[in-house]
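**Q**
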């Protein structure tokens, strides 16, 4: 049976975020169906370096009283939709039986089925904050929900090696969520990388295979991948109840200079 929200979005993109990305189908709000477009809105601006996603001191908690632990998030996503208010049809629910609070019209900036996705970005994070870029199923049906995580870094894992060079626990891999054909295969090895500098995080995939890379160097190969349309998620997160302490930035930030999607 045809998927009710099979996305018509582009499968190829070269996005530099020089002008308003929402004009090209991007959604600058994090999973807004579970709260509202206004309540989940990103603190965002575009400029010569690209898209700046920030969490200033007055940025609201996302889904307060509902999501635990509390978090604040500024994110951009290349796809968004939901069922009507009161339904359970939406993207990436975080608890069983969760219902839509604000219906979201379908918006598709890019929804590739296979190929290569590259995200060139830098991040300012520290204890109590993190950033990530990931592909996830559009979830027109719950089973089409698997994730390919290009990069995930928690700020409390930043450090230096014996030579004083920056390191981080650099996460990537697969999360199945509600996809019965995938299995959990995610790791975050200690890696020599300065996430505050520009890097290109990438994945190349087809059904049954995913190859992850940083700056063109392959970091891992997995014998699994989703076989349905995926959308890209870009976000910076802050956890108010976690210790921040020395080294925590006043304003966590993710700057995305370029997103390049080549269908395969």
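Residue numbers (the numbering used here): 14 to 277. Idealized CB from N, CA, C, for every residue including glycine.
1. Pick helix, strand or coil for residue 29, following the three-state DSSP scheme.
2. Could you name the residues of the same chain whose beta carbon sits closer than 8 Å to that of residue 193, not counting the 5 residues immediately before and after it, in chain order?
3. Give the DSSP-derived three-state secondary structure of residue 101 in the structure shown.
4. Give the single residue among 266, 202, 89, 270 whose Cα lies nearest to the Cα of residue 251.
5. Would you check if the segment 34-41 and the segment 50-65 touch, i.e. whether three or more CB-CB distances between them fall below 8 Å?
6. For a quick check, are the C-beta atoms of residue 27 and residue 273 less than 7 Å apart?
7. Taking its Cβ as the centre, do 16 or more other Cβ atoms sit within 10 Å of residue 130, making it buried, or is it exposed?
8. Please list, in chain order, all residues of the same chain as residue 14 whose beta carbon is under 7 Å from its beta carbon, the five residues on each side excluded.
9. What's the call for residue 248, buried or exposed, on a 16-neighbour Cβ count within 10 Å?
10. In whole angstroms, give me the CA-to-CA distance for residue 22 and residue 29.
11. Using beta-carbon positions only, say whether residue 56 and residue 45 come within less than 7 Å of one another.
12. Going by the DSSP bridge assignment, what does residue 251 pair with across the sheet?
**A** According to the structure data:
1. In the three-state DSSP reduction, residue 29 falls in the coil class, being neither helix nor strand.
2. Answer for residue 193: 156, listed in chain order.
3. It is coil, neither helix nor strand.
4. It is 266.
5. Taking a cut-off of 8 Å for Cβ pairs, the segment 50-65 and the segment 34-41 touch, as three or more such pairs fall below it.
6. Less than 7 Å divides the Cβ of residue 27 from the Cβ of residue 273.
7. Per the 10 Å Cβ criterion, buried.
8. The predicted model places residue 14 with a pLDDT of 31, which falls under 50 and marks its position as unreliable; any figure quoted below should be read in that light. Cβ neighbours of residue 14 beyond the five flanking positions: none.
9. Its Cβ being crowded by 16 or more others within 10 Å, residue 248 is buried.
10. One C-alpha to the other measures close to 18 Å.
11. Contact flag unset, no.
12. DSSP lists 85, 142 as partners of residue 251.
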